[in-house]
Each structure stands twice: as structure tokens, then as C-alpha cells.
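As C-alpha cells, the structure follows; a few thoughts come after it.
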Amino acid sequence: MLGQIVGDLSEHIRSNDQHPGLIVGLDSPDDAAVMNMGEDKALVFTTDFFAPVVDDPYTYGVVAAANALSDIYAMGALPQLAINLVAWPEQMEASIIRNVLMGGLDKVTESGAVLAGGHTVKDTEPKFGLAVTGIVHPDRVWRNSGSRIDDLIVLTKPLGSGVITTALKESKVEDIHLKRCIEIMSKLNYGAMRGACDIHPHIHACTDVTGYGIIGHSHEMAIGAGCSIEIHTDALPWMEGSLEYAKAGLFSGGVAANRRYYEEYVV
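Mapping to numbering that gives the first Met the number 0: the sequence shown position 136 is 135, numbers consecutive.
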């Protein structure tokens, strides 16, 4: 897995973590990097992009932007500045990428951040996302490695988007399930972050659950905290229809890779 390769590489560049202002770096696989800028302000930086998960270009832009912004919220920060990251086939109609970018712009604007540029490269498959900068007080940074014994895990969104979008690719998804999935993927995590800020002293760790799934991200939190995590699967919230699609074997390619990598850590 690429995560393993990056992890191996980080061992050779660990000296970067000795910078006096670096709050979050390569010492753990967190959602974003954080640098202390002084005067009660820390800079949070992240980037994320992926290939289309829905058919509508505008909706794809919205979902991809919301996903990139989520890393900022997971650190307890507020997004300030974003730039587009675009990979696009030359032969694809300009109107399609225009709608993708409009979706991204609207979601960035909703977050209160400013879109201020970007970069485009040629590729055989379209990809879109953002590089995002946020700010947070240095003492209020949430890491994914701060969990403590007897902490409770709270999920702010239901699981199952990967299964539903895979069902879409296979033309086996029901419209009502897809519509609800898109609504959830498009929703910013600002509300969840603000709610958690209200009880800040009681929040020991935070992360967003994306490509590695609930098992992968739980593993990251457990390793970072030096503890184990107990998950009651019957208590997990699932998007409507997702379990039925899973039983039909409609998994994304990442599921198999995640299972191979993480199964030795699950009992």
C-alpha cells in the first residue's frame, strides 16, 4: 500500500519533525500538518483529490471539495484558503471541468474559505480536489493519536458511501440511496466540529473516516495512542441500502487492499 511506502520514507526524513514550530508532522499519520505561527495561531495544511465517484460533474466537484475540507475540520481548525488540483483528459469537454470547478468553488465558499488558484495537469482519468490551509489555536489542535482508555467513539456521519458509489458504477444503485449518500458526502463537517469545540476539553482525538474505512482509521488512532479500540459492529450507523449492496459484493477496490493490510490487527 502507498501508506506503507510513505511510512517507510518518513523514517528517513524524520529530522524535519525537529523544527521547533512543527506541531503535527511525520511522527504520526494524521489528517493534516500543523505549524505554530506564534501569537496564538497555528497553520493547518492538507490536500486531497480523487477520481469521480458520481456521474454529475457539479456534484463531483462538491463532494471532492467537501472531502478535502474535512481534514481541516478534523484538526479542529477553520479553512481559510484553498487551491484547485486538477488532472484532466485533453479530449474531455471543457464544460465538464467547468462544472466540476463550479461545484468545488461553491463548497469552498460555503466553508468560508477563499479559492485563490490551482494547478492542472493532463491525465487519462479525471481527478479533482483541493489543497487547503486553515487556522487553529495551537492549544486546540485535535490529533488522531490522543485517545485515552475508556474514551467513547462518536461517528458524526453514517458509513457506507464507498459501497453505494460502487453500486452506482455497476448501475445497481437505487436512486433514493444514491441521493441520500450524495447529501451526506456533500455536507461539510463544520457543524460536527463546532459541536465538538463546545466540549473541547473532553475531545482527546479526532479523525475523518475516508479511504481506509472505519477499521483503518481506528487502527491509526489505536497505534497513535498505544491502545486498542473495541468496536461494536451492531452499533455502527450505515447509510440506507449500503449493507444490502455489501452483501451483494459491491465493494470498491480499496476494500480488498485495506483488508489485506489491516486484518492482522483485528481480533
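Idealized CB from N, CA, C, for every residue including glycine.
C-alpha gap between residue i and residue j, whole angstroms
i: L249; j: E38; result: 50 Å
i: M0; j: H218; result: Legend: pLDDT at M0 = 49, less than 50; position of this residue unreliable, value from coordinates given subsequently. Straight-line Cα distance between these residues: approximately 15 Å.
i: M238; j: K186; result: 14 Å
i: H136; j: A41; result: 6 Å
i: S97; j: I222; result: For the record, residue 97 in the displayed sequence is Arg; it is not Ser. Spanning the two alpha carbons is a distance of roughly 42 Å.
i: L321; j: Y72; result: It is not possible to answer for residue 321, since the shown part of the chain is limited to 0 through 266.
i: A155; j: S94; result: This sequence places Thr at residue 155; Ala is not what is there. Answer to the nearest angstrom: the Cα atoms are 35 Å apart.
i: P51; j: C180; result: 14 Å
i: H199; j: P78; result: 18 Å
i: H203; j: A224; result: 10 Å
i: D233; j: I175; result: 23 Å
i: Y211; j: Q90; result: 32 Å
DSSP state of residue i mapped onto helix, strand, coil
i: N257; result: helix
i: M0; result: Residue placement at M0 cannot be trusted, given a pLDDT of 49 that sits under 50; what the coordinates show is reported in the next sentence. Three-state DSSP puts M0 in coil, outside helix and strand.
i: K121; result: strand
i: Y114; result: This sequence places Leu at residue 114; Tyr is not what is there. Correct three-state label for L114: strand.
i: I181; result: helix
i: A31; result: coil
i: A41; result: strand
i: E262; result: helix
i: T164; result: helix
i: I96; result: helix
i: M192; result: helix
Opening and closing residue of the beta strand (DSSP E) in which residue i lies
i: N83; result: 77 to 87
i: I134; result: 126 to 135
i: D70; result: Taken as a continuous stretch (DSSP letters only), D70 belongs to no beta strand (DSSP E), being part of the alpha helix (DSSP H) at 56 to 73.
Which listed residue (the options) has its alpha carbon closest to that of residue i
i: T206; options: P56, L77, D70; result: D70
i: E169; options: T209, G252, D138; result: G252
i: G276; options: V107, T123, D122; result: This structure cannot speak to residue 276, because the chain is shown only from 0 to 266.
i: T123; options: L114, A112, W87; result: W87
i: D197; options: R139, L167, I134, T165; result: R139
i: F49; options: I213, K126, P19; result: K126
i: G60; options: M34, M184, R259, L25; result: M184
i: V208; options: V172, A65, Y57; result: A65
Where the alpha helix (DSSP H) through residue i begins and ends
i: M91; result: Neither: M91 is in no alpha helix (DSSP H) and is coded neither H nor E.
i: T232; result: Run containing T232: none; DSSP gives neither H nor E here.
i: L158; result: No alpha helix (DSSP H) contains L158, which DSSP labels as neither H nor E.
i: I213; result: 212 to 224
i: L21; result: Taken as a continuous stretch (DSSP letters only), L21 belongs to no alpha helix (DSSP H), being part of the beta strand (DSSP E) at 21 to 23.
Next item on the list: Could you tell me whether the stretch 80 to 89 touches the stretch 127 to 136, using the rule of 3 or more Cβ pairs below 8 Å?
Entry: yes
Next item on the list: Could you say if the stretch 147 to 166 and the stretch 28 to 36 meet the contact criterion of at least three C-beta pairs nearer than 8 Å?
Entry: no
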